[in-house]
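Worksheet for the structure shown next.
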Amino acid sequence: MTGDEACAEGALAAGCRFFGGYPITPATEIAEHMSKRLPEVGGTFIQMEDEIAAMASILGGAWAGQKSMTATSGPGFSLMMENIGLGVCTETPCVVVNVQRVGPSTGLPTMGAQADMMQARWGSHGDYRIIALAPMSAQEIFFQTITAFNLSERYRTPVFIMTDEIVGHMSEKVIIPPADRIITEWRPKPSGRKDRFLLYKPGKNGVAPMPAAGEGYNVHVTGLTHDEKGYPVMSVEAQEQMMDRLCRKIDDNLDDIIMTEAHHLDDAEVVLVSYGISARTSLAAMQQSRAMGMKVGFLRLITVWPFAQRQIAALAERVKALVTVEINLGQMHLEVTRAAAGKTPCHLVGHAGGTIISPDQVIATIKEVY
Amino acid sequence: MPATARNLTPKSPEHPLEDLIRSDRIPHIWCPGCGIGTAFSAALTAMKTSGLDLQKTCMVSGIGCSGRAAGYVKLDSFHTTHGRAIPFATGLKLGNPALNVVVFSGDGDLFAIGGNHFIHAARRNMDLTVICLNNLNYGMTGGQVAATTPFHARTTTTPSGNPDAPFNLPLLAWASGATYVARWTILHTRELTECIQKAILKNGFSFIEVLGPCPINYGRRNKEKSLQTLKMYQERTIIRNNPQMDDLDVDFTKQVVLGEFVDKDRPTCIENYDKTCRILE
Ligand SMILES: Cc1ncc(C[n+]2csc(CCOP(=O)(O)OP(=O)(O)O)c2C)c(N)n1
Ligand code: SF4
Ligand SMILES: [Mg+2]
Chain A
800 MTGDEACAEG
810 ALAAGCRFFG
820 GYPITPATEI
830 AEHMSKRLPE
840 VGGTFIQMED
850 EIAAMASILG
860 GAWAGQKSMT
870 ATSGPGFSLM
880 MENIGLGVCT
890 ETPCVVVNVQ
900 RVGPSTGLPT
910 MGAQADMMQA
920 RWGSHGDYRI
930 IALAPMSAQE
940 IFFQTITAFN
950 LSERYRTPVF
960 IMTDEIVGHM
970 SEKVIIPPAD
980 RIITEWRPKP
990 SGRKDRFLLY
1000 KPGKNGVAPM
1010 PAAGEGYNVH
1020 VTGLTHDEKG
1030 YPVMSVEAQE
1040 QMMDRLCRKI
1050 DDNLDDIIMT
1060 EAHHLDDAEV
1070 VLVSYGISAR
1080 TSLAAMQQSR
1090 AMGMKVGFLR
1100 LITVWPFAQR
1110 QIAALAERVK
1120 ALVTVEINLG
1130 QMHLEVTRAA
1140 AGKTPCHLVG
1150 HAGGTIISPD
1160 QVIATIKEVY
Chain B
3 MPATARNLTP
13 KSPEHPLEDL
23 IRSDRIPHIW
33 CPGCGIGTAF
43 SAALTAMKTS
53 GLDLQKTCMV
63 SGIGCSGRAA
73 GYVKLDSFHT
83 THGRAIPFAT
93 GLKLGNPALN
103 VVVFSGDGDL
113 FAIGGNHFIH
123 AARRNMDLTV
133 ICLNNLNYGM
143 TGGQVAATTP
153 FHARTTTTPS
163 GNPDAPFNLP
173 LLAWASGATY
183 VARWTILHTR
193 ELTECIQKAI
203 LKNGFSFIEV
213 LGPCPINYGR
223 RNKEKSLQTL
233 KMYQERTIIR
243 NNPQMDDLDV
253 DFTKQVVLGE
263 FVDKDRPTCI
273 ENYDKTCRIL
283 E
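Chains A and B, in that order, give the protein sequences. If you're matching positions, the first sequence starts at 800 in my numbering and goes up one per residue. If you're matching positions, the second sequence starts at 3 in my numbering and goes up one per residue.
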């Protein structure tokens, strides 16, 4: 099955029962698959009138008590940004898939890129934290979609899957384990007196329990700066407290959220850093360079946001160079450079998008910096 | 002191909507003479007397003075982004069809930035009740032109008068497929409350336009004192049920038609989805 279909199947396996979407290449197949499968499992699919509506609808779906998802590509991702901010501010669990294509603007609609990485981090206005994962195969997109739902439920926040046209459209064998082997999490549920319930009072992990509409909690949910009760408070102090809570639930749990994969880091002199489809390029480049006798390692970012700052900083202390491989003109490369803090030179292998990066290009850079 | 004696001490009477209002959020932000409060109480009274399970009833608003309504109602209430109350409400309803979902928002919110969502929700016959407080301008941001501002009216962004024509909202709702459409002013609270109640109890997409003054931003620039606006609501309106839909422009230089304009039945979005998409064998 294709990466897009595997993503949809992963969502269903995770318990997603509401999808609000809008067609866009190369993400359309996710919506198509969900439109067929959701009614079979008692869920609901709706094609909204645009991506703004799609994003708003999944926030509504989440407050109705459902695990909710949408999927899009660059132009639609841009339209979703305001309501992604609403999701962050109101601590609404949901999953947004971006099957990245070439931008800016309409760009190359049918060709892959990884150039929305900074938009994923900073695209909505204001300060906030976000969680984003980057799968490198159809099988992985299946599992990562489940993980994305689990993280979004655990931390009550929108979670992104930052995949790309190449992974989305590639056909690979995908093994779907039996349902009882799949761990699915749900948002923490409130207990105790309903009239004393505080919608944003953090419990375990710094995350507040979340009731659904209709359960008798009379919640007030607003994108205005609010207190623990959820009521708007127009003050600098309330803003500081709210932001502190929003950031802390992510910042205090980095070890739980950040997933990386280490390949031959122990003796590495040059380390590749990559994610998504470019991770496959990097793996091949690492293996070929090792065959040529160069001690090359590879750090794969499975979680791209929050950024694996600590891991990069530690590598920067001891390697000759870090090489970021990504299909853009240097986005995560900026983060790698920042985390390396001048301790080691940082290089980029990237281009403006439309095709994968070949292992040869990476090897050429490795040879230069080795 | 004996209990009876204590009971004689005067106690301020309870507000009849006390149980539906977040009294811990009062005072509200609305200006003196503003029409929103009256429309809001009519909506609450209608909800209360409708016999609906209020625990299963939600209010969704967008952004604007009218959009603050969701912040004062003691129900599950959602104050979303500018223009997006309807798609949020759509997700809420589809996520749990047992919920009764009422959207309360402003004319700018629902018909300028959110206009696309309105027509599509009406087309699908989403089971929502949409109440629009139409004050002919963007109150919250200081009185700019809206999609409902009368031709030639003055606002901060039409200092020489509005060069554009306003929407006829009931016509738009009807053409988009709404199954219930009514219009009242805040002077007609009894009719308004009855119609809101009917709309809430009705399956399908219901739309109620409420004309209400914004004396601070619209009235002031158009030489209308609050009382004059209300007088106009009394003298220059006429109640007509089942009128010609294209006679429903809001033009107070002529006469503005009020009443219940559409009340028909067709399958809702959810009914159609269940019938069309769920039976696959
Ligand atoms: C995306 C976005 N654009 C602009 C605004 C600024 N804004 C806030 S309320 C409003 C207009 C509200 O008008 P209306 O819906 O008629 O409500 P009223 O205040 O008149 O009740 C605007 C433009 C915003 N909050 N968000
Ligand atoms: S600005 Fe206008 S609409 Fe807003 S509260 Fe004041 S009178 Fe009402
Ligand atoms: Mg208005």
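Glycine included, every Cβ here is placed at the ideal spot set by N, Cα and C. Only a predicted model underlies this, so the values are computations on that prediction, with no experimental measurement involved.
Simplified DSSP state of residue i, which is helix, strand or coil
i, result
"B:H17", "coil"
"A:P1144", "coil"
"A:P892", "coil"
"B:Y220", "helix"
"B:Q246", "coil"
"B:P89", "helix"
"A:E1068", "coil"
"A:Q903", "Checking the sequence shown, residue 903 of chain A turns out to be Pro, not Gln. In this structure, A:P903 counts as coil in the three-state DSSP scheme."
"A:I1162", "helix"
"A:R920", "helix"
"A:H1025", "strand"
"A:F1097", "strand"
"B:G69", "helix"
"A:M854", "helix"
"B:N102", "strand"
"A:H1019", "strand"
"A:H1150", "coil"
"A:F844", "strand"
"B:H119", "helix"
Inter-residue CB distance, residue i and residue j (contact presumed, cutoff 8 angstroms)
i, j, result
"A:A1139", "A:A1115", "4 angstroms"
"A:S1073", "A:S1081", "4 angstroms"
"B:A201", "B:I188", "Their Cβ separation, rounded to whole angstroms, is 17 angstroms, which puts B:A201 and B:I188 out of contact at 8 angstroms."
"B:A155", "B:G163", "7 angstroms"
"A:Y927", "A:V887", "5 angstroms"
"B:A114", "B:T92", "Not quite, the Cβ-Cβ distance comes to about 19 angstroms (not below 8 angstroms), so this is no contact."
"B:I45", "B:V104", "Note on identity: in this sequence residue 45 of chain B is Ala, with Ile being the wrong assignment. The pair is a contact, with the Cβ atoms about 7 angstroms apart (cut-off 8 angstroms)."
"A:K1000", "A:E1039", "With a Cβ gap of about 17 angstroms, A:K1000 and A:E1039 do not count as contacting."
"A:Q943", "A:P957", "Actually they are not in contact, since the Cβ atoms of A:Q943 and A:P957 sit about 15 angstroms apart, beyond 8 angstroms."
"B:T51", "B:D109", "About 26 angstroms separates the two Cβ atoms, so there is no contact after all."
"A:I1165", "A:A1084", "7 angstroms"
"B:L130", "B:K95", "6 angstroms"
"B:R185", "B:P172", "6 angstroms"
Residue i, buried or exposed, once every other Cβ within 10 Å from all chains shown has been counted against 16
i, result
"B:L229", "exposed"
"B:N224", "buried"
"A:V1035", "exposed"
"A:P976", "exposed"
"B:D26", "exposed"
"A:R1109", "exposed"
"B:A5", "Per-residue confidence for B:A5 stands at a pLDDT of 44, beneath the threshold of 50, marking its modelled position as unreliable; the derived number appears in the next sentence. When all chains shown are included, B:A5 counts as exposed."
"A:I965", "buried"
"B:E20", "exposed"
"A:D1159", "exposed"
"A:A855", "buried"
"A:I1162", "buried"
"B:F263", "buried"
"A:D803", "buried"
"B:N170", "buried"
N- and C-terminal bounds of the beta strand (DSSP E) containing residue i
i, result
"A:Q943", "It is not in any beta strand (DSSP E) - A:Q943 instead sits in the alpha helix (DSSP H) that spans A937 to Y954."
"A:A1061", "T1059 to H1062"
"B:V62", "T59 to S63"
"A:T962", "P957 to D963"
"A:T869", "K866 to T871"
"B:D265", "V258 to D265"
"A:G820", "C815 to G820"
"A:T1123", "A1120 to V1124"
The alpha helix (DSSP H) enclosing residue i, as first and last residue numbers
i, result
"A:L766", "The first residue shown for chain A is 800 and the last is 1169, placing residue 766 of chain A beyond what the model contains."
"A:H832", "T827 to R836"
"B:Y235", "S228 to E237"
"B:W176", "L171 to S178"
"B:Q146", "Taken as a continuous stretch (DSSP letters only), B:Q146 belongs to no alpha helix (DSSP H), as it is neither H nor E."
"A:A1011", "Looking at the DSSP string, A:A1011 is not in any alpha helix (DSSP H), and its letter there is neither H nor E."
"A:D1050", "V1035 to D1050"
Paired residues, beta bridge with residue i - DSSP
i, result
"A:P1105", "According to DSSP, A:P1105 bridges with nothing at all."
"B:S208", "B:T131 and B:Y182"
"A:N897", "A:T871 and A:M961"
"B:L213", "B:N136 and B:T187"
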